[in-house]
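Engineer:
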Amino acid sequence: MKVSIIIPSYNRASYIIDTLQSVANQTSADWECIVVDDGSTDHTEEVVNEFMSRYPQMPFKWMKNARTKGAQGARNTGFLNSQGEYLIFLDSDDLLDKHCVENRLGIIKIHPLFDYYAFPVRLFTITPGDLEYAWNRMNKAGWSVLDRMLVHDAPWQTLGCFWSRKALEEIGMWDERVTSLQDWDAHIQLVMHPGLKGWICSDEKSFDAFYRVGSHDSISKKFSTKKGAETNVYLIEKAYKSLQNYGLLEKHLPAFRQFLWIMNTLISISDNEMGKVVAQKYHHIYEMVGVKSFAHRLYAATRFDMSKPKIIRGIVSIIPQLFPINNWKQREDTCSKIKINDL
Numbered sequence: 086m087k088v089s090i091i092i093p094s095y096n097r098a099s100y101i102i103d104t105l106q107s108v109a110n111q112t113s114a115d116w117e118c119i120v121v122d123d124g125s126t127d128h129t130e131e132v133v134n135e136f137m138s139r140y141p142q143m144p145f146k147w148m149k150n151a152r153t154k155g156a157q158g159a160r161n162t163g164f165l166n167s168q169g170e171y172l173i174f175l176d177s178d179d180l181l182d183k184h185c186v187e188n189r190l191g192i193i194k195i196h197p198l199f200d201y202y203a204f205p206v207r208l209f210t211i212t213p214g215d216l217e218y219a220w221n222r223m224n225k226a227g228w229s230v231l232d233r234m235l236v237h238d239a240p241w242q243t244l245g246c247f248w249s250r251k252a253l254e255e256i257g258m259w260d261e262r263v264t265s266l267q268d269w270d271a272h273i274q275l276v277m278h279p280g281l282k283g284w285i286c287s288d289e290k291s292f293d294a295f296y297r298v299g300s301h302d303s304i305s306k307k308f309s310t311k312k313g314a315e316t317n318v319y320l321i322e323k324a325y326k327s328l329q330n331y332g333l334l335e336k337h338l339p340a341f342r343q344f345l346w347i348m349n350t351l352i353s354i355s356d357n358e359m360g361k362v363v364a365q366k367y368h369h370i371y372e373m374v375g376v377k378s379f380a381h382r383l384y385a386a387t388r389f390d391m392s393k394p395k396i397i398r399g400i401v402s403i404i405p406q407l408f409p410i411n412n413w414k415q416r417e418d419t420c421s422k423i424k425i426n427d428l
């Protein structure tokens, strides 16, 4: 079984050699690696080609993104040019343990009847092992994977997911309309799909991949733009429709309410008018009546309206405490905050 390791890259000349070296160091030879450049303006291309010239016998490929600009288009370009039965999407500043491919193929032999597999990921800054933190807990008592995805407490990171080709094809590949929360979108569609089964690693310390902290684009910057707000509106609509179409909304309504609250807050911070429209559209989800309904409509209209006096916005900010939402799944955010010794 061949594994395709797909690396989207944009201006990562200073990091990508370490990433490629971690691939070259694999103890299994059952892989190919495709680097997809997304229009870099630094010397990434020269660095990658020089690296590949040192390993001519290894199945490295370099190509340009032929689809929509961005990580999603680059990932899809790599996927459509890949041959592997299974896929790892590796960002160009993250690392694989040398046993990663061997380990994951070994799990498939033991548990062959799944469409995707999720593995724990360890955080690092410069070299693997320099931080004592994991990406997150893989399992939490009382929480389904879908509920955790909805409240933005993702159990696994992008490179922790081991995809079958079938799984990626079934969800329609990476959604190129999404400019932020791309991995979240792909993973929640994966989890919701009724025709796909996932295997979640129970050994939370068996790290075979490493996520670099501090080198990625600022998520807050993406969210604070109008484009980021528009993406979040699209993600709400997409998740809502999927939950309805798959008959999952009623069961996961408490978590979806929390999801709506999180996303609408992000939208309102960057575009308050857009946030008000979204709050109005989905107000029925919270099943509020009377004074509570009025109070929360006031909150949605005023809390992030920078034209209102600060004192008014401050008063309005306590409405969620005065009129708490009933029957919602309170978020337990442990993402990137779990010490390995606490697992």
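FYI, in our numbering the residues of the sequence shown are 86 to 428.
Each residue gets a CB set at the ideal place from its N, CA and C atoms; glycine is no exception.
Note that the structure is predicted; figures quoted are calculated from it, not measured.
Considering only C-alpha positions, which residue in the set S107, V376, Y325 is nearest to H184?
Structural biologist: As a working mapping, residue 184 is identified with position 99 in the sequence shown. Answer by Cα proximity: S107.
Engineer: Measure the C-alpha to C-alpha separation of D148 and V120 and round it to an integer number of angstroms.
Structural biologist: Counting from 1 along the sequence shown, the entry for residue 148 is found at position 63. Counting from 1 along the sequence shown, the entry for residue 120 is found at position 35. What sits at residue 148 in the sequence shown is Met, not Asp. Going by the C-alpha atoms only, they are around 6 Å apart.
Engineer: Could you pull out every residue in the same chain whose Cβ sits closer than 6 Å to the Cβ of S305, ignoring the five residues on either side in sequence?
Structural biologist: Locating residue 305 in the sequence shown gives position 220, counting from the first residue. Because S305 carries a pLDDT of 43, less than 50, the predicted location of this residue cannot be relied on, and the following value inherits that uncertainty. Cβ neighbours of S305 beyond the five flanking positions: none.
Engineer: Are H237 and I347 closer than 7 Å when you measure CB to CB?
Structural biologist: Stepping through the sequence shown from its first residue, residue 237 is reached at position 152. Stepping through the sequence shown from its first residue, residue 347 is reached at position 262. Yes; because the gap between Cβ atoms is below 7 Å, this pair is in contact.
Engineer: Rounded to the nearest angstrom, what separates W116 and G399 at their Cα positions?
Structural biologist: Looking up residue 116 in the sequence shown gives position 31. Looking up residue 399 in the sequence shown gives position 314. Each residue's alpha carbon lies about 55 Å from the other.
Engineer: How would you label V374, buried or exposed, when you count the other beta carbons within 10 angstroms and need 16 or more for buried?
Structural biologist: Residue mapping note: residue 374 aligns to position 289 of the sequence shown, counting from 1. Answer is exposed; the Cβ neighbour count stays below 16.
Engineer: Using CA coordinates, which residue listed in E217, D232, Y218 is at the minimum distance from S224?
Structural biologist: By 1-based counting over the sequence shown, the position of residue 224 is 139. Per the sequence shown, the amino acid found at residue 224 is Asn instead of Ser. Checking every option, the nearest Cα to that of N224 belongs to D232.
Engineer: Below 8 Å, can you find three or more Cβ-Cβ pairs linking the segment 145-159 to the segment 205-222?
Structural biologist: no
Engineer: Could you tell me the boundaries of the beta strand (DSSP E) in which G283 lies?
Structural biologist: Looking up residue 283 in the sequence shown gives position 198. Counting along the chain, the beta strand (DSSP E) containing G283 begins and ends at 283-285.
Engineer: Go ahead and pull the three-state DSSP assignment for F292.
Structural biologist: Sequence index remark: in the sequence shown, residue 292 carries index 207 (1-based). DSSP places F292 in coil when its eight states are reduced to three.
Engineer: Give the single residue among S229, I92, K366, D122 whose Cα lies nearest to the Cα of L172.
Structural biologist: Translated into the one-based positions of the sequence shown, residue 172 becomes position 87. In terms of CA proximity to L172, I92 leads the group S229, I92, K366, D122.
Engineer: How far does the alpha helix (DSSP H) with W228 in it extend, from its first residue to its last?
Structural biologist: Within the sequence shown, residue 228 is the residue found at index 143, counting from 1. Note, W228: premise wrong, no alpha helix (DSSP H); not H, not E.
Engineer: Which residues share a DSSP beta bridge with Y325?
Structural biologist: Along the sequence shown, one-based indexing puts residue 325 at 240. According to DSSP, which records beta bridges pairwise, Y325 is partnered with nothing at all.
Engineer: Please determine, among R262, Q267, W248, the residue with the shortest C-alpha to C-alpha distance to I285.
Structural biologist: Residue numbering aside, residue 285 sits at position 200 when the sequence shown is read from its first letter. The option with the nearest alpha carbon to I285 is W248.
Engineer: Alpha carbon to alpha carbon, how far is N166 from S89?
Structural biologist: Along the sequence shown, read from residue 1 onward, the residue named residue 166 stands at position 81. Along the sequence shown, read from residue 1 onward, the residue named residue 89 stands at position 4. When rounded, the distance between both Cα atoms is 10 Å.
Engineer: Let me know the beta strand (DSSP E) ranges lying completely inside the segment 175-209, each 3 residues or longer, listed in chain order.
Structural biologist: 201-203, 207-209
Engineer: Going by CA-CA distance only, name the one from Y218, V263, F344 that's closest to K290.
Structural biologist: Numbered from its first residue, the sequence shown carries residue 290 at position 205. Residue Y218 is the option with its Cα nearest to K290.
Engineer: How would you write the range of the beta strand (DSSP E) that W346 sits in, first residue to last?
Structural biologist: As a position in the sequence shown, residue 346 is number 261, starting the count at 1. Segment 338-355 is the alpha helix (DSSP H) holding W346; no beta strand (DSSP E) there.
Engineer: Output the residue ranges of the alpha helix (DSSP H) runs that lie fully inside the segment 140-174 and measure 4 residues or longer, sorted by chain position.
Structural biologist: Counting only unbroken stretches of 4 or more residues, the alpha helix (DSSP H) elements lying wholly within the segment 140-174 are 156-165, in sequence order.
Engineer: On the criterion of 16 or more Cβ atoms from any shown chain inside 10 Å, does L275 qualify as buried, or is it exposed?
Structural biologist: Along the sequence shown, one-based indexing puts residue 275 at 190. Buried, by the Cβ-count rule.
Engineer: Can you give me the Cβ contacts of T387 inside the same chain, cut-off strictly under 7 Å, excluding the 5 residues immediately before and after it?
Structural biologist: Locating residue 387 in the sequence shown gives position 302, counting from the first residue. Sequence-distant partners of T387 (beyond 5 residues in either direction) whose C-beta falls short of 7 Å from its own C-beta, in its chain, are K393, I397, R398, V401.
Engineer: List the residues that DSSP assigns as beta-bridge partners of C420.
Structural biologist: Here residue 420 is taken as the residue at index 335 of the sequence shown, counted from 1. Bridge partners of C420: none, in fact.
Engineer: Could you check which residue in L180, K154, K146 has the C-alpha nearest to that of Q168?
Structural biologist: In the sequence shown, counting from the first residue as 1, residue 168 sits at position 83. Here the closest residue by C-alpha is K146.
Engineer: Do you know offhand how far D122's Cα is from H368's?
Structural biologist: Looking up residue 122 in the sequence shown gives position 37. Looking up residue 368 in the sequence shown gives position 283. Roughly 42 Å between the two C-alpha positions.
Engineer: Please name the residue, chosen from A385, A340, S378, that lies closest to K361 on a Cα-to-Cα basis.
Structural biologist: Indexing the sequence shown from 1 puts residue 361 at position 276. Comparing Cα positions, the closest option is A385.
Engineer: Assuming Q343 and Q415 form a contact by the criterion Cβ under 8 Å, report the distance between their Cβ atoms to the nearest whole angstrom.
Structural biologist: Translated into positions along the sequence shown, residue 343 becomes position 258. Translated into positions along the sequence shown, residue 415 becomes position 330. The pair is a contact, with the Cβ atoms about 7 Å apart (cut-off 8 Å).
Engineer: In angstroms with no decimal places, state the Cα-to-Cα distance between S125 and Y95.
Structural biologist: In the sequence shown, the residue the question calls residue 125 occupies position 40. In the sequence shown, the residue the question calls residue 95 occupies position 10. C-alpha separation (whole angstroms): 5 Å.
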